[in-house]
Amino acid sequence: MISDRFAVWRTASRSGGGNCVEVAGSPGLVAVRDSKNRVAHLEFTASEWTAFLHHAKRGAFDPG
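In our numbering, the protein residues as written are 20 to 83.
Set out below in structure tokens:
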């Protein structure tokens, strides 16, 4: 489990307007949270995160 106390959260340089997703990592885990609601986050294994990025870059989650 990633501790918010020690996590280094990063935001994409292209995000703006307060609608941001923040990502933090630790060995074997990746955490994702909404910059407007920092109370909770979702955690993924490194392999789950890699699979998500693979599909996102290929447009698998694009509408339509």
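Every residue, glycine too, gets a C-beta built ideally from N, C-alpha and C.
Who are the Cβ neighbours of residue i in its own chain at under 6 Å, not counting the five residues just before and after it?
i	result
E41	W28, T30, R52, S54
F63	V49
Can you tell me which residues form a DSSP beta bridge with residue i?
i	result
F63	V49
N56	D53
V40	D53
R77	Bridge partners of R77: none, in fact.
R29	V42
Could you tell me if residue i is buried or exposed, where buried requires 16 or more neighbouring beta carbons within 10 angstroms of its beta carbon?
i	result
H73	exposed
A50	buried
A79	exposed
A43	buried
Assuming residue i contacts residue j under a Cβ cut-off of 8 Å, what Cβ separation, rounded to an integer in Å, is found between them?
i	j	result
L48	A59	Incorrect: roughly 15 Å between the Cβ atoms, too far for contact.
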